[in-house]
Structures are given as C-alpha cells and as structure tokens.
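Worksheet: the structure to be examined is printed underneath.
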Amino acid sequence: MATSELDIAQALYTTLHSASGVTSLVTGVFDVNGLPEKQPYPYIVLGETTEGRHGDTFGRRGYDSVVMIHIWSVYTGKKESLIIHNAIHTVLDNQDIHLSANTLLSCQYDNGNTMMDNSTTIDIVHRIDRYRITTEEGL
Numbered sequence: 112m113a114t115s116e117l118d119i120a121q122a123l124y125t126t127l128h129s130a131s132g133v134t135s136l137v138t139g140v141f142d143v144n145g146l147p148e149k150q151p152y153p154y155i156v157l158g159e160t161t162e163g164r165h166g167d168t169f170g171r172r173g174y175d176s177v178v179m180i181h182i183w184s185v186y187t188g189k190k191e192s193l194i195i196h197n198a199i200h201t202v203l204d205n206q207d208i209h210l211s212a213n214t215l216l217s218c219q220y221d222n223g224n225t226m227m228d229n230s231t232t233i234d235i236v237h238r239i240d241r242y243r244i245t246t247e248e249g250l
C-alpha cells in the first residue's frame, strides 16, 4: 500500500476548500504546484510534507506527517494572516479530516511562524503553519 501523503494532501485541500469560514477570507486554496501566476492576495498554499513511519499496529503501517500550510497576504501587519490562520485552525486542529485510503489517528496544530517577505516591490506577509497528522493504513 502507498504512504498517506497524497491522501492527506487531497483531504486537506477538500477540507479547506469546502470550509466557508476559510474560503470567505482568501482568493483561493492551492497546491504548491497549482498556484496561478499573479494570483491576488490573500491566498493559501498547501506546501511541503515531511513523512515518516509512526509504527505498525497489527500489521498495518503507521505514518507521521508534518504538513506546511502557507498563508500569503499583503495586508499591512499580521492581522489578516492571523485571522486566516485562526479559520484554518478551527477546521483542522483536532478535527476529523476525511481520508479515502487511510485511517486518521490525529490532526493537530504543531507550530507556526509569520515572516515579512520584502523580496518584491510590495511587502508580503508569509505565515507558515505546520500540522502533524498521524495515520495508519486503512482496512
């Protein structure tokens, strides 16, 4: 059986894209490779994933994944990015995201940080939230 990384990515996209409390705050939710050029701010990008073995139970493989969710904003200060962070937190932290091929054991907020990206002509707020998602192979 395959690892849970793709299953988690699809579940996160579906969960965030269908949560009106999230989508009402952003112009879109995107996979890291699906971000349109010149996408208006603010938006969310499902980013990098680190996945490792969690342990096996009764012959079923377990996986521990850390997924980065990027929030991009041009609002002056951190307020907008933190409002979006709180909306994401509400629908993901300790919630049951639907996995199609694996069993979710937990989805928990791990940590996050906000940075100013001054690499362009506009000041961009870049928030990165990390969620730890523990799964095991489905039956």
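According to our numbering, the sequence shown holds residues 112 to 250 in order.
Virtual Cβ for every residue (Gly too), placed ideally from N, Cα, C.
Bridge partners for Gly145 per DSSP, in chain order? Taking the sequence shown and counting its residues from 1, the one referred to as residue 145 is at position 34. None; Gly145 has no bridge partner.
Range covered by the alpha helix (DSSP H) that runs through Tyr124: As a working note, residue 124 is residue 13 in the sequence shown. Looking at the DSSP string, the run of the alpha helix (DSSP H) that includes Tyr124 is Glu116 to Ser129.
DSSP state of Ile195 mapped onto helix, strand, coil: For the purposes of this step, residue 195 is identified with residue 84 of the sequence shown, where counting begins at 1. The answer is helix: DSSP assigns Ile195 an H, G or I state.
Going residue by residue through the segment 158-231, where are the continuous alpha helix (DSSP H) segments of at least 4 residues, counting only ones entirely within it? If we require 4 residues or more, the alpha helix (DSSP H) runs fully inside the segment 158-231 come out as 190-203.
Using 8 Å as the Cβ pair cut-off and three pairs as the minimum, do the segment 238-250 and the segment 209-221 touch? Output reads yes: the segment 209-221 touches the segment 238-250.
Determine the direct distance from the alpha carbon of Gly188 to that of Asp234, and round the result to whole angstroms. Position 123 of the sequence shown, counted from the start, is the residue given in the question as residue 234. Position 77 of the sequence shown, counted from the start, is the residue given in the question as residue 188. Inter-residue distance for Asp234 and Gly188 is about 9 Å (C-alpha atoms, whole angstroms).
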